[in-house]
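Comments concern the structure below.
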Amino acid sequence: MSSTLIDSAEVADGYRAGRTLPLRVELVRQLKRRRTMVMGGILVALPFVLLIAFQVGGGPGGDNNRVNLMDTATLSGANFAAVNLFASAGFLLVIPVALFCGDTVASEAGWSSLRYLLAAPVPRARLLWSKLVVGLGLSLAAMLLLPLVALAVGTAAYGWGPLELPTGGELAAGTAAQRLLVTVAYIFVSQLVTAALAFWLSTRTDAPLGAVGGAVGLTIVGNVLDQVTALGDWRDFLPSHWQYAWLDAVRPRLEWSDMIQGTALSITYALVLFALAFRGFARKDVVS
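Take a look at the structure:
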């Protein structure tokens, strides 16, 4: 029925399919939602929580002689930002990606407003495109928010200085900022699989929690499988196997090989899942 409405509306004066559901309108709608504010609050709070933990615990460090990235947290603001990314990349940053991309379409169906959007009429591909762009944009914003707040908090607490490397040596502040940008960019690309999975599930169910929880759950399963050494080289086909390839960016010499492999794998899986989402939704009988 919605397709018929769109076909008839396309001949109406002033109708432009590309102008329906503008990105600005969708972005404002998503920013006003409580879950966006709560997620933003959690990401802003994390650097303060880690700062308090280091203050109470007397700073990071273990009982052995091995030095890792976590042990350098209190050496400078850049180190503190890098440690925040290290602590959150494996799980915490998965949640906003799954939330912003998995809740977007399913929530409309759950509110019984999806069919009214399509009858507006908003073409199905246009609706998905607007929601996907905004979902990915908010996911990227979340990944930028955390290190920016951490850098500000860390600089205030530990001072502005070079990025001290756990392997020895240091990176000048300007170079460190560039490396942190590379890190954030790679983490975002590596999470495209989770975003695509959540988005595809969002087009298949009317339950937002099912889409978000399914994406997070399958991401966790991938992380668990990556720990199974018996799988051998098969683990190379798991996106989670390359999720910490960004650590090559916090070395004296930037190494790209692992990040390139992880990027190629993540984009490939994501494109397949996005295509399935658009193809399935185009044929779906929307009754919610």
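Take 3 as the starting number for the sequence shown in this note's numbering and just add one per residue.
Glycine included, C-beta positions come from ideal geometry on N, C-alpha and C.
Every value quoted in this text rests on a predicted model; they were computed, and no experiment measured them.
Original post:
Do F280 and L116 have their C-beta atoms closer together than 8 Å?
Top reply: no
Subject >> Local Cβ density within 10 Å of F239, reported as buried at 16 or more and exposed below that >> reply: exposed
Subject >> Per-residue DSSP class, three states only, for E172 >> reply: strand
**OP:** Work out the CA separation of I97 and H243 for me, nearest whole Å.
**Re:** 18 Å
**OP:** Just tell me which of V226, I54, T221 and P254 has its CA closest to the CA of A159.
**Re:** I54
Subject >> Whole-angstrom C-beta distance between P164 and A178, which should lie under 8 Å >> reply: Cβ atoms of A178 and P164 come within 8 Å of each other, at about 6 Å.
Subject >> Three-state secondary structure (DSSP) of L167 >> reply: coil
Subject >> Nonlocal neighbours in the same chain, by C-beta distance under 6 Å from D9, ignoring five residues either side >> reply: With a pLDDT of only 42 at D9, under 50, the local geometry of the prediction cannot be trusted, and no value is derived from it.
**OP:** Would you identify the three-state DSSP class for K133, choosing helix, strand or coil?
**Re:** helix
Subject >> From W248, A174 and V46, residue whose alpha carbon lies closest to that of V155 >> reply: V46
Subject >> Within 8 Å, strictly: CB atoms of A197 and V99 >> reply: yes
Original post:
Hey, out of V107, T76 and V191, whose CA is closest to M261's CA?
Top reply: V191
Subject >> Endpoints, alpha helix (DSSP H) assigned at N70 >> reply: That residue, N70, is in no alpha helix (DSSP H); it is neither H nor E in DSSP.
Original post:
Got a sec? Which residues, its chain only, sit under 8 Å from L227 by beta carbon, not counting five neighbours each side?
Top reply: L233, R237, L240 and S242
Subject >> Backbone secondary structure at G92 - three-state DSSP >> reply: coil
Subject >> Where D250 falls: helix, strand or coil (DSSP) >> reply: helix
**OP:** Return the first residue and the last residue of the alpha helix (DSSP H) that Q193 is part of.
**Re:** Element bounds for Q193: n/a, residue is neither H nor E.
Subject >> Coarse secondary structure for L148, derived from DSSP in three states >> reply: helix
Original post:
Counting only runs that start and end within the segment 200–238, where is the alpha helix (DSSP H) found for 4 or more residues in a row?
Top reply: 210–228
Original post:
In the structure shown, what three-state DSSP assignment does E257 receive?
Top reply: coil
**OP:** Evaluate F201 with the Cβ neighbour count: other Cβ atoms within 10 Å of its Cβ, from every protein chain shown; 16 or more gives buried, anything less gives exposed.
**Re:** buried
Subject >> Span of the alpha helix (DSSP H), counted from its first residue to its last, around L25 >> reply: L25 to L33
Original post:
Are the CB atoms of T300 and F50 nearer to each other than 8 Å?
Top reply: There is no way to answer for residue 300, as the model of the chain reaches only from 3 to 290.
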